[in-house]
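Everything on this sheet refers to the single structure shown next.
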Amino acid sequence: MDKIEYLRQELYNVIESGDQVAILAVSQELDVLIARYMLHQLNIKEKCVS
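Going by our numbering, the letters in the sequence shown line up with residues 369 to 418, in that order.
Written as structure tokens, this is what we have:
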């Protein structure tokens, strides 16, 4: 979760810089990390229900 927060802040920083390539790179990295976190949470939930 700390990594997500770090990347969220990094995204705000690169948005302010206006560097479109950096914005895309950080945004994609954040998207992947959020998707992995969500899948992990779903797996935990399934194990608890089973």
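Note that beta-carbon positions come from the ideal geometry of N, C-alpha and C, so glycine has one too.
Under the 8 Å Cβ criterion, the segment 406-417 does not count as touching the segment 372-382, having fewer than three qualifying pairs. One thing to note: residue 392 has its Cβ no nearer than 8 Å to the Cβ of residue 375. Where residue 406 is concerned, the enclosing alpha helix (DSSP H) starts and stops at 388-417. Here residue 394 is buried. Its C-beta has 16 or more other C-beta atoms within 10 Å.
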